[in-house]
Structure formats: C-alpha cells, structure tokens
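**Q** Just so you know, the protein sequences line up as chains Y and S, in that order. In terms of the numbering used here, the first sequence opens at residue 5 and continues consecutively. In terms of the numbering used here, the second sequence opens at residue 5 and continues consecutively. Here it is, the structure in full.
Number of protein chains: 2
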Amino acid sequence: MDINELLATRTSHIKASAIRELLKIATNPGMISLGGGLPSPESFPLDLIMDLTDKVIKKYGSKALQYDLTEGFIPLRKALIDYCKTFGVDAELDNVYITSGSQGFLDSLGKLLISPGDYVAVEGPTYLAALQAFNAYEAKYVQMQTDDEGLIPESLEEVLNNYKVKFVYTVPTFQNPSGKTIKLKRREQIAEIVKRHDVLLIEDDPYSALRYSGDQLPTIKSMAPENVVYVSTFSKIFAPGLRLGFFVAPESFGRWMVIVKQGVDLNTCTFTQAIASEYLIGGHLPNQMAKTISLYKPKLETMYTALKEYFPADFKCVKPDGGMFLWIEGPKGLDMEVVSKIAITKMVGFVPGKFFYPNPLDGIETARLNFSCVTHEQIKFAMKTIAEACSEVTSKKS
Amino acid sequence: MDINELLATRTSHIKASAIRELLKIATNPGMISLGGGLPSPESFPLDLIMDLTDKVIKKYGSKALQYDLTEGFIPLRKALIDYCKTFGVDAELDNVYITSGSQGFLDSLGKLLISPGDYVAVEGPTYLAALQAFNAYEAKYVQMQTDDEGLIPESLEEVLNNYKVKFVYTVPTFQNPSGKTIKLKRREQIAEIVKRHDVLLIEDDPYSALRYSGDQLPTIKSMAPENVVYVSTFSKIFAPGLRLGFFVAPESFGRWMVIVKQGVDLNTCTFTQAIASEYLIGGHLPNQMAKTISLYKPKLETMYTALKEYFPADFKCVKPDGGMFLWIEGPKGLDMEVVSKIAITKMVGFVPGKFFYPNPLDGIETARLNFSCVTHEQIKFAMKTIAEACSEVTSKKS
Numbered sequence: 005m006d007i008n009e010l011l012a013t014r015t016s017h018i019k020a021s022a023i024r025e026l027l028k029i030a031t032n033p034g035m036i037s038l039g040g041g042l043p044s045p046e047s048f049p050l051d052l053i054m055d056l057t058d059k060v061i062k063k064y065g066s067k068a069l070q071y072d073l074t075e076g077f078i079p080l081r082k083a084l085i086d087y088c089k090t091f092g093v094d095a096e097l098d099n100v101y102i103t104s105g106s107q108g109f110l111d112s113l114g115k116l117l118i119s120p121g122d123y124v125a126v127e128g129p130t131y132l133a134a135l136q137a138f139n140a141y142e143a144k145y146v147q148m149q150t151d152d153e154g155l156i157p158e159s160l161e162e163v164l165n166n167y168k169v170k171f172v173y174t175v176p177t178f179q180n181p182s183g184k185t186i187k188l189k190r191r192e193q194i195a196e197i198v199k200r201h202d203v204l205l206i207e208d209d210p211y212s213a214l215r216y217s218g219d220q221l222p223t224i225k226s227m228a229p230e231n232v233v234y235v236s237t238f239s240k241i242f243a244p245g246l247r248l249g250f251f252v253a254p255e256s257f258g259r260w261m262v263i264v265k266q267g268v269d270l271n272t273c274t275f276t277q278a279i280a281s282e283y284l285i286g287g288h289l290p291n292q293m294a295k296t297i298s299l300y301k302p303k304l305e306t307m308y309t310a311l312k313e314y315f316p317a318d319f320k321c322v323k324p325d326g327g328m329f330l331w332i333e334g335p336k337g338l339d340m341e342v343v344s345k346i347a348i349t350k351m352v353g354f355v356p357g358k359f360f361y362p363n364p365l366d367g368i369e370t371a372r373l374n375f376s377c378v379t380h381e382q383i384k385f386a387m388k389t390i391a392e393a394c395s396e397v398t399s400k401k402s
Numbered sequence: 005m006d007i008n009e010l011l012a013t014r015t016s017h018i019k020a021s022a023i024r025e026l027l028k029i030a031t032n033p034g035m036i037s038l039g040g041g042l043p044s045p046e047s048f049p050l051d052l053i054m055d056l057t058d059k060v061i062k063k064y065g066s067k068a069l070q071y072d073l074t075e076g077f078i079p080l081r082k083a084l085i086d087y088c089k090t091f092g093v094d095a096e097l098d099n100v101y102i103t104s105g106s107q108g109f110l111d112s113l114g115k116l117l118i119s120p121g122d123y124v125a126v127e128g129p130t131y132l133a134a135l136q137a138f139n140a141y142e143a144k145y146v147q148m149q150t151d152d153e154g155l156i157p158e159s160l161e162e163v164l165n166n167y168k169v170k171f172v173y174t175v176p177t178f179q180n181p182s183g184k185t186i187k188l189k190r191r192e193q194i195a196e197i198v199k200r201h202d203v204l205l206i207e208d209d210p211y212s213a214l215r216y217s218g219d220q221l222p223t224i225k226s227m228a229p230e231n232v233v234y235v236s237t238f239s240k241i242f243a244p245g246l247r248l249g250f251f252v253a254p255e256s257f258g259r260w261m262v263i264v265k266q267g268v269d270l271n272t273c274t275f276t277q278a279i280a281s282e283y284l285i286g287g288h289l290p291n292q293m294a295k296t297i298s299l300y301k302p303k304l305e306t307m308y309t310a311l312k313e314y315f316p317a318d319f320k321c322v323k324p325d326g327g328m329f330l331w332i333e334g335p336k337g338l339d340m341e342v343v344s345k346i347a348i349t350k351m352v353g354f355v356p357g358k359f360f361y362p363n364p365l366d367g368i369e370t371a372r373l374n375f376s377c378v379t380h381e382q383i384k385f386a387m388k389t390i391a392e393a394c395s396e397v398t399s400k401k402s
C-alpha cells in the first residue's frame, strides 16, 4: 500500500515545518540553538504543579478527568474573563473559548473560513505556524507592508481595497519573528479601517505579557470589538506543554468555531484546563511573569550588545520592547540560509528569516534569533559565530 | 460583520453533533440520560493522580511542561509498544504516534487523505464522530452491510469492487453504537480482502479492553499489518479528560500524519502524556480495567434484563460481549426520534440510532442505549420509560 497514492489534493500545500526540522538539528549534542521559539524551562512554575494538581483533585474531582464542553472548562473561561480585563478586553462567558494551543485556534479558523484559493492578508514576515495552519486549507496570501513601527495602516487599506480577503491576520505585539510592535496611533487607524471595511481581523497576541520596556498598549480588540477576534495562549504565561490557547470573539463566531472544533478534538484537555484555572484563580500569574521577565530581559540585552559588538554596521535591527526574538537584516544580497548552513557546522543554529514570508523570494537577508532558551554565554558565542559566518559568506562573494 | 458571509464552502458539510446537543439536554436537573457515551466517573483512577503527577515531576521535570515532538512523548510511545503486544500488535517506535484523543487521529486522517467527493467505506451504523471528522473534508460514504456478527466480508469486497475508496473505516469490537463485534473468521476474511485489494483499513478500537464475556479476539491489524492502521485511546482505559489517543501504522503513513498534525496542534498535551506514561509503566492498567469491568458488566446485565422485562418481543437486540452500549431495533416503522421526544418529557434521554448512519433514511427504528454512566436504578427506570414511550407511539399509529 503506497500512502502517496492516497493523499488528498490539499497535501500539495502542506509541508513539514522548516523550523521543526531545524529544531531536530538543534537537539544534536553540543549544538547551541537560537533557532527555536521555546520558552525557557526555567520559566515554568514547576514547584507549583503539585499544589495546583492537589487543588484540582479536591475542587473538581473526577470532573477534571472527564470529557467536557467543546467551548472549554467553565471555571477557566470565567477566570479568563478577569484576566482579559487587565488588558482592556471585555468579555462575557459566551465570548471566551479554549483551544488546544493557539495552533488549535489557527487550524479551526482556517477550517471554518478558508475555501481553496481564498485570500488572507498577512504581514511579511509573519508567524510561520499560522501560514502552516492556513496552507492546509489552500489559502492564498496578500502581504501587507510593515516598517519599524509594525503594520502600515495604508498598506492594510490598500489590500482591502484591492482584494476580497477572508480575514486579516496580525501579531501586533513583539511579533514572532520580527519582534516588532504596532504603535498606538497605528492601532487606532487599523481599528478604524477594519470597522469601516467591516472585515474580520485576527489579533494573535502570545507575547504581550513579556514586556521589558515601554508602556503597555491597548489591544486592537478593545478598539474594534465586533470586528476583532483576540487570540492568546498559556504557552508563554504558564507552560506550553499544557497545550492551552484561548480566544475572545463575538458569540456568533465562537459558536461556529465550537462546531468545527467538535470534529477536530471534541474538547481540549480537561485536566490541564483545570490546572490553568487554579493557576489564574490562585493569583500566581503576576509573580510568574515577573520571574520570567527577570530571566529574559537580561538575555535580550546580552544578545543586542553582542549584535552591536560582533556584527558590521550594515546590519539593521530594531531592539524589541519584549518577546523572545531579535530580528536582524543583513546587507542586500546576503543569503542567510547559506550563513545558517555554515553556522551549523560551527554548532550554532538559527532560522533564516525567509521562511516567515508568504512569498519565498522575500527576506533572503533576514534572520530570527531566539534568546529565551539559551544562556548568556551561549548567546555571546552564537552571535560571534553567526557574525563570522556572515563575513565568510560576504568575503566569498566579493 | 456577518460571520455567515465568510464561511468556507466546506461548512455546508459541518453540523453540530446531534449527540452533543442531546447531551446538553441530558444535563438538565433530574434527567436520566442513556444518551451519552461517557465513561463512568467512578472508573477514573482519581486516587492515583497525585502519585502519578509526583512521579512525572520528579522523573521528567520541566520537560513535561515544554513543547514536545509532534510524534508524541517518547516514554509514552515506548510504553505503548509493550501495551500493544498484549493484543498482538507489533510495533517499533516509528510505528507508534500520539494524537489529541482518537478524534485528533480521525481529523488528521481526513485532512491527509480526503479530497472533496472522495469515498470512504463505513459500516452502517458507524461511529458518529468519525463521520463528523470526515464530513469536514467533504467525504462521500459507501455503506458496508453488517449483521449480528458485525461487518459482512462479502459486502466489503463488493464495495471495493465497485468504488475507489480512500480507506475502509471499521470499529470491529463492541462497536459504538451497535455493540457488535466482528467474529474471528470474518476478521481473517477482511484481512485477506484488504491485502488482496491493497487498500487501507482503519481499525478503530476504543473498547476492546472492556470485555465482559467471551474470548479476546486478534486485531485485524495483526493479520494485515501493512494495510491496517490501528487506533485507540486512553479515554476508556484511563480517563477521557486527558485527551490522549494513539495509532500504530506503517512509518510512511505516520510521517505524513505528523506533518499534518504540526499544523493542527503542534503536539498533544505533554503533561498528560507524561502522566499516561507513568500510568502504563507503573502497571496500573490491569487493576484499573478489572475495577471498570466490575462496574460496567452488572450494568449491562441490568439493562439487558430490563429490556427483556419491559420491551415487547418484536424488539431485536444482540447482547454485546463488552463495551458501553446496548443497541435495540424496534418493529419496522417505529420512529425512535418520536419515542425519544416523548421520553425526554418523562426525563429520560437516549440517542435515536438514525444519527449513526451515513444515509439519513436508515435506522429509523433503532436506538443506542448507554449503560456506563447511570446507576442500576436509573437504568431500570429509563428502560421502563422508553418501553412505555414506544407503546405510546405504536398505539397512536394503530
């Protein structure tokens, strides 16, 4: 039996994630990887788990081990209503839904809305796993322009004038991969544009709790609640291995997502939902975030300092106010995939930025560097190694 | 923004699960429900959870809270290799994969193989949530015939001669909904047929550990390992709220499923996978199954006895050797959906059998009755009530 003869036509759009393949290389012994997007294991509240589990068993008993509502575990959804208030998102119970990671949201979103050939408006670069989720439903992409202040509202407007898009997808704060943040004025403009065009915008916000400098910005959701679906995850505020995401949406949207999700996984893991409820209810989040920020913020400083020290002046980089990534842009023509291959031979991994663009010809000279999951010493060594690999490629060319 | 204007074309094939809607009614106070498919909360090893969690934290530490391989948590996959041996399924690590419930398997399977309009061969009746998963990929169904001994091999052969099916889907042991089991001789014939036609058969086996009488039967997988993908779940051997399923497949199939699953949920909940590993490694399964069987077996007896006592002789029922369901077939023309509506007014819920057929005109006079999640007293009352509702409908007609 040859599986290749049985594949659905959509599989021609589905590829193994380049990053997941690179992560496999990164697990080779001795390899220093700036390639992943993993939170630091040190940031996980391992010491809380027994206590939270004990509370879950006493409070919810066998309910925590049973099938549950597709919508999500009600105590968790209620706790999220309060959490969302802290960043200006108003919600009732029927606006808050749990998904199996934010990936679960992206997959169900694609399934619900994307017919083959439908357009989705995305930033370039954008979150790779979102493209991966939408690719399976045979989406086409319209790329919106960005600069140092994130998505350019005029570009969004132009896209909406010229394409019938199913939805607009953006990661407005400390974007993966670029680390960029859409500034306040632009958020207001974007909210106004999506309201005027009456389109759906997906605000994917996994990183905003990881802010190291600058002031918290209001969500686009808070400015256009009827047109925006706000999505986030417990992966960066608790632990990714729980596989919990959530979204806040108009009820009509949520109801449809629930119908789709029934066929995908019936319900998200009840047990870890109950643990996450107790984590929020117990008020552990602020301490945990303070600890995580104290871990990541100095690593960003180390990486940025190493960049200034080791890389030539023609490398561009906007220092992000938070998140887990530094995004660098080499001189025109420098192929970061070639640099990456040299770096791997020197036991350093990172992800060439071109993988994050819907158009495979874009971003050749860019790279995403993760700092959350490596030590200060590893960051310095890796940055020096990548800089040397860049010189090697540049000198070969000239 | 009107969500209905944005829906993908495939949504015309996606409906809310009739059962999930019925389960909502079943949660009304005072309602006795034979409608669900939930394991009894009494069957969950609640007293083990703290101990297993403690072991997980000590043994795996933060690894249990981190992102993990899409393929599944390696200690769990290794433990499953041994578990599979107990029912004659041979596997290496690259044959065993974890999914987010068996529903996660069914969804990824549909995504991988079903192009709109592709045929899938299913039993009539069949597992509703499988239809739901495949519907989203716009499958068409060819119904294979069954009798008291389960799927009729000649019917499978006829279907394969007349249709190009992407795969054959069967629940051979204590099927949900019919409780029927494919007998040994037929398993051998089915294995021979799928090998000869070189087609893919999905053997979905959530219930075989719940055997109350008769001898264990070999899996079809053990008879045609290259053509069969074996699927099962922890929902009936541990707890459904962990949302863990698994499958055993040729590596070429597994590799493709992993690529698809990356876009769906990155990986299944690491934490509950680690707990399930310790559950298997700790040897808790046999005790737990003995306890569960001692709980369910007498309930099946009570239900079957009540059936004989309260229902007229023209009702057909094959007493199953295991599982969680009794399947009854009333006299031709009796509409079990009408009966169900009357029963609900008397505070008893069950699922009319017609929902389990791909053809909506089939199975009008059938019903699925669940006995795992109700008490003996509730079973007796419910059976009496349903029998009375049947008489009511019959007398109105005559």
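Every residue gets a Cβ at the ideal spot worked out from N, C-alpha and C, and that includes glycine.
Identify every residue that forms a DSSP beta bridge with residue 205 of chain S.
**A** DSSP lists S:172 and S:232 as partners of residue 205 of chain S.
**Q** Closest to residue 213 of chain Y by C-alpha separation, out of Y:232, Y:300, Y:132 and Y:137, would be which residue?
**A** Nearest option by C-alpha distance: Y:300.
**Q** Cα-Cα, which of S:399, S:396, S:398 and S:375 is closest to residue 37 of chain S?
**A** Minimum Cα distance to residue 37 of chain S is reached at S:375.
**Q** Hey, does residue 97 of chain Y have any beta-carbon neighbour from chain S nearer than 8 angstroms?
**A** Cβ-Cβ to chain S under 8 angstroms: no for residue 97 of chain Y.
**Q** Hey, residue 163 of chain S and residue 198 of chain S are a contact pair by Cβ (cut 8 angstroms); roughly how many whole angstroms apart?
**A** Their Cβ separation, rounded to whole angstroms, is 11 angstroms, which puts residue 163 of chain S and residue 198 of chain S out of contact at 8 angstroms.
**Q** According to DSSP, simplified to helix, strand and coil, what is residue 259 of chain S?
**A** Three-state result, residue 259 of chain S: helix.
**Q** Following a CB-centred definition, is residue 95 of chain Y positioned closer than 7 angstroms to any heavy atom of the ligand GTP?
**A** Although the ligand GTP was asked about, the structure shown includes no ligands whatsoever.
**Q** Taking 6 angstroms as the limit between beta carbons, can you name the residues of its chain near residue 184 of chain S, skipping five residues before and five after?
**A** Answer for residue 184 of chain S: 154, listed in chain order.
**Q** Give the residues of chain Y in contact with residue 204 of chain S, contact being defined as C-beta atoms less than 7 angstroms apart.
**A** Within 7 angstroms Cβ-Cβ: 5 and 10.
**Q** In the DSSP assignment, find the alpha helix (DSSP H) that holds residue 81 of chain Y and state where it starts and stops.
**A** Counting along the chain, the alpha helix (DSSP H) containing residue 81 of chain Y begins and ends at 78 to 89.
**Q** Using a Cβ-Cβ distance under 8 angstroms, would residue 57 of chain Y count as near chain S?
**A** Closer than 8 angstroms to some Cβ of chain S, the Cβ of residue 57 of chain Y qualifies, so yes.
**Q** Who are the Cβ neighbours of residue 136 of chain S in its own chain at under 7 angstroms, not counting the five residues just before and after it?
**A** For residue 136 of chain S, where only same-chain residues beyond five positions count, the Cβ hits under 7 angstroms are 21.
**Q** Ordered along the chain, which non-local residues of its own chain (more than five positions away) have a Cβ less than 7 angstroms from that of residue 288 of chain S?
**A** Closer than 7 angstroms at Cβ, skipping near neighbours: 49 and 52.
**Q** Entirely within the region 270 to 339 of chain S and at least 3 residues each: give me those beta strand (DSSP E) ranges in chain order.
**A** If we require 3 residues or more, the beta strand (DSSP E) runs fully inside the region 270 to 339 of chain S come out as 329 to 333.
**Q** Name the DSSP beta bridge partners of residue 54 of chain Y, please?
**A** DSSP lists no partner for residue 54 of chain Y.
**Q** Are the region 323 to 342 of chain S and the region 350 to 370 of chain S in contact at 8 angstroms, needing three or more beta carbon pairs?
**A** Segments in contact, yes.
**Q** Could you give the distance in angstroms between the alpha-carbon of residue 46 of chain Y and the alpha-carbon of residue 275 of chain Y?
**A** The straight-line gap from Cα to Cα measures roughly 23 angstroms.
**Q** Less than 8 angstroms between C-beta atoms, sequence neighbours within five positions excluded: which residues of the same chain meet that for residue 94 of chain S?
**A** Contacts found: 88, 226 and 229.
**Q** Mind checking which residues open and close the beta strand (DSSP E) that includes residue 124 of chain Y?
**A** It spans 123 to 127 - the beta strand (DSSP E) in which residue 124 of chain Y sits, taken as one unbroken run.
**Q** Quick one: give me the first and last residue of the alpha helix (DSSP H) that residue 114 of chain S is part of.
**A** 105 to 117 is the extent of the alpha helix (DSSP H) around residue 114 of chain S.
**Q** Quick one: Cα of residue 333 of chain Y to Cα of residue 306 of chain Y, how far?
**A** So the two alpha carbons sit approximately 18 angstroms from each other.
**Q** Can you list, in chain order, the residues of its chain whose CB lies under 7 angstroms from that of residue 234 of chain Y, leaving out five sequence neighbours each side?
**A** The residues are 93, 207, 209, 223, 225, 251 and 252.
**Q** DSSP state of residue 187 of chain S, grouped into three classes?
**A** DSSP places residue 187 of chain S in coil when its eight states are reduced to three.
**Q** Drop a sphere of 10 angstroms on the beta-carbon of residue 294 of chain S, count the other beta-carbons inside from all chains shown, and report buried for 16 or more, exposed for fewer.
**A** Exposed: under 16 other Cβ atoms inside 10 Å.
**Q** Tell me where the alpha helix (DSSP H) around residue 136 of chain S begins and ends.
**A** Its alpha helix (DSSP H) spans residues 132 to 139.
**Q** Could you tell me whether the Cβ of residue 266 of chain S comes closer than 8 angstroms to any Cβ of chain Y?
**A** With 8 angstroms as the cut-off, residue 266 of chain S counts as an interface residue toward chain Y.
**Q** Helix, strand or coil: which one does DSSP assign to residue 266 of chain Y?
**A** Three-state DSSP puts residue 266 of chain Y in a helix.
**Q** Ends of the beta strand (DSSP E) at residue 146 of chain S?
**A** Where residue 146 of chain S is concerned, the enclosing beta strand (DSSP E) stretches over 144 to 148.
**Q** Can you give the Cα-Cα distance for residue 195 of chain Y and residue 264 of chain S, rounded to whole angstroms?
**A** Going from the Cα of residue 195 of chain Y to the Cα of residue 264 of chain S covers about 34 angstroms.
**Q** For a cutoff of 8 angstroms on Cβ pairs, would you count residue 354 of chain S as touching chain Y?
**A** No, residue 354 of chain S does not count as interfacial toward chain Y.
**Q** Identify whether residue 360 of chain S lies in helix, strand or coil by the three-state DSSP scheme.
**A** Helix, per DSSP.
**Q** Write down the C-beta distance between residue 286 of chain S and residue 68 of chain Y rounded to the nearest angstrom, noting that I regard them as a contact closer than 8 angstroms.
**A** Between residue 68 of chain Y and residue 286 of chain S the Cβ distance is about 20 angstroms, and since that is not below 8 angstroms, they are no contact.
**Q** Going straight from the alpha carbon of residue 60 of chain Y to that of residue 54 of chain Y, what length do you get?
**A** Between residue 60 of chain Y and residue 54 of chain Y, the C-alpha separation is close to 10 angstroms.
**Q** Could you give the first and the last residue of the continuous alpha helix (DSSP H) run that contains residue 163 of chain S?
**A** It spans 157 to 166 - the alpha helix (DSSP H) in which residue 163 of chain S sits, taken as one unbroken run.
**Q** For residue 247 of chain S, would you say it is in contact with chain Y, using Cβ-to-Cβ distances shorter than 8 angstroms as the test?
**A** Chain Y contact via Cβ: present.
**Q** List the residues of chain S that residue 54 of chain Y touches, going by C-beta distances under 8 angstroms, in chain order.
**A** Neighbours of residue 54 of chain Y on chain S, chain order: 54, 57, 58 and 61.
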